[in-house]
Every structure is written in C-alpha cells, then in structure tokens.
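Visitor: This structure is in structure tokens; I'll ask about it shortly.
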Amino acid sequence: MRYQYKFDKILSLKSREKDEAQVVYQDSVKKFEEAADRLYHLLKKKEDLESFQSDRLLGGLPVQEIRHHQQFIGNLEKSIAHYQKVVMNARNIMNYQQVQLMEKNQEVKKYEKIKEKDHLQFLADAKYAESRMMDEVSIQQYMNREIR
61 MRYQYKFDKI LSLKSREKDE AQVVYQDSVK KFEEAADRLY HLLKKKEDLE
111 SFQSDRLLGG LPVQEIRHHQ QFIGNLEKSI AHYQKVVMNA RNIMNYQQVQ
161 LMEKNQEVKK YEKIKEKDHL QFLADAKYAE SRMMDEVSIQ QYMNREIR
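Residue numbers for the sequence shown follow the numbering used here, so the first one is 61 and each next one is one higher.
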C-alpha cells in the first residue's frame with residue numbers, strides 16, 4: 061500500500077506561495093538597498109561639497125561662488141529629503157514583505173508537520189495490519205498442524 065498525503069495539493073500550493081513571497085521579499089530588499097545606496101551617495105556628496113567649500117573659504121572665495129555652492133547644497137538637501145522618504149517607504153515595504161514571508165513559511169511548516177504525523181500514523185497502521193496478518197497466518201499454520 062502506497063502512502064498518499066491527503067493535503068498534498070494544499071502543501072504544494074502553500075510552498076509555491078512561500079516561494080513567490082520569497083521572490084517579492086528579495087525584490088523589496090533590493091529596492092531598499094538601491095534607495096539607501098542612493099541616499100548614502102547624496103549625503104557623501106553633500107559632505108564632500110561642504111568640506112571643499114570650508115577649505116576654499118580659508119583661502120578666500122568670491123561671493124558668487126559661495127552662492128552657487130549654497131544653492132547646490134540646497135538642491136542636494138531637497139534630494140536627500142526625498143530619498144529619505146523613499147528609503148523609509150522601501151524599509152516599510154521590506155518589513156511588511158518579511159512578515160508576509162514568515163507567515164507563509166509558518167503555514168508550510170504546519171502542513172509539513174501534519175504530513176509527517178500523518179505519515180507516521182500510516183506506518184503505524186501498516187505495521188499493525190501486517191502484524192495482524194502474520195498472526196492470522198500463524199493461527200492458520202497452527203490449525204493445519206493440529207488437523208494432521
């Protein structure tokens with residue numbers, strides 16, 4: 061007798077959903093990393109520009125160039141503020157997808173545990189049936205010996 065798990069289709073469906081959730085989570089991690097990297101580069105650029113401007117101020121700098129640098133830093137700050145929001149949003153999405161993945165993983169583990177218990181019960185039932193059959197065979201052989 062062959063073992064057939066009664067929830068096999070559900071288990072395969074849940075496994076597929078888990079795999080899809082894994083792909084979505086990996087995509088959200090990638091998007092978060094890209095946004096964080098872009099924010100880091102903007103912050104680094106601002107820091108380098110401010111450092112450059114400080115060095116130039118020590119040696120004297122025309123007012124027009126100071127205005128130009130300040131305007132550029134202002135634009136960088138707007139970009140930084142925008143990317144901070146993008147990073148926060150990407151982080152929230154990533155965290156949500158992580159929770160979804162964990163839930164899918166738990167569902168799959170539940171069905172796998174049920175399958176494991178069901179298989180053990182199947183094996184125990186098969187062993188019991190085999191034992192009963194052996195008992196019947198033994199009884200038949202004993203009875204045949206007595207008749208002779």
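We put the CB at the ideal spot given by N, CA and C, even for glycine.
Hey, could you find the ends of the alpha helix (DSSP H) K17 is sitting in?
Guide: Given a span of 61 to 208 for the chain in the structure shown, any question on residue 17 remains unanswerable.
Visitor: Express the C-alpha separation of S139 and Q124 in angstroms, rounding to a whole number.
Guide: Residue numbering aside, residue 124 sits at position 64 when the sequence shown is read from its first letter. Residue numbering aside, residue 139 sits at position 79 when the sequence shown is read from its first letter. Approximately 23 Å, taken between the alpha carbons.
Visitor: Leaving out five residues before and five after I126 in sequence, what residues of the same chain have Cβ atoms less than 8 Å from its Cβ?
Guide: Counting from one through the sequence shown, the residue named residue 126 turns up at place 66. Only Q113, L117 meet the Cβ criterion.
Visitor: Please report the straight-line C-alpha distance between G120 and G134, rounded to a whole angstrom.
Guide: In the sequence shown, the residue the question calls residue 120 occupies position 60. In the sequence shown, the residue the question calls residue 134 occupies position 74. Straight-line Cα distance between these residues: approximately 22 Å.
Visitor: Apart from the five residues just before and just after Q181, which ones in its own chain have a Cβ nearer than 6 Å to its Cβ?
Guide: Counted from its first residue, the sequence shown places residue 181 at position 121. Closer than 6 Å at Cβ, skipping near neighbours: no residue.
Visitor: Under DSSP, the alpha helix (DSSP H) around L136 begins and ends at which residues?
Guide: To locate residue 136, count along the sequence shown from 1; it is residue 76. Note, L136: alpha helix (DSSP H), 123-207.
Visitor: Decide if A184 is buried, meaning its Cβ has at least 16 other Cβ atoms within 10 Å, or exposed.
Guide: Counting from 1 along the sequence shown, the entry for residue 184 is found at position 124. That one is exposed.
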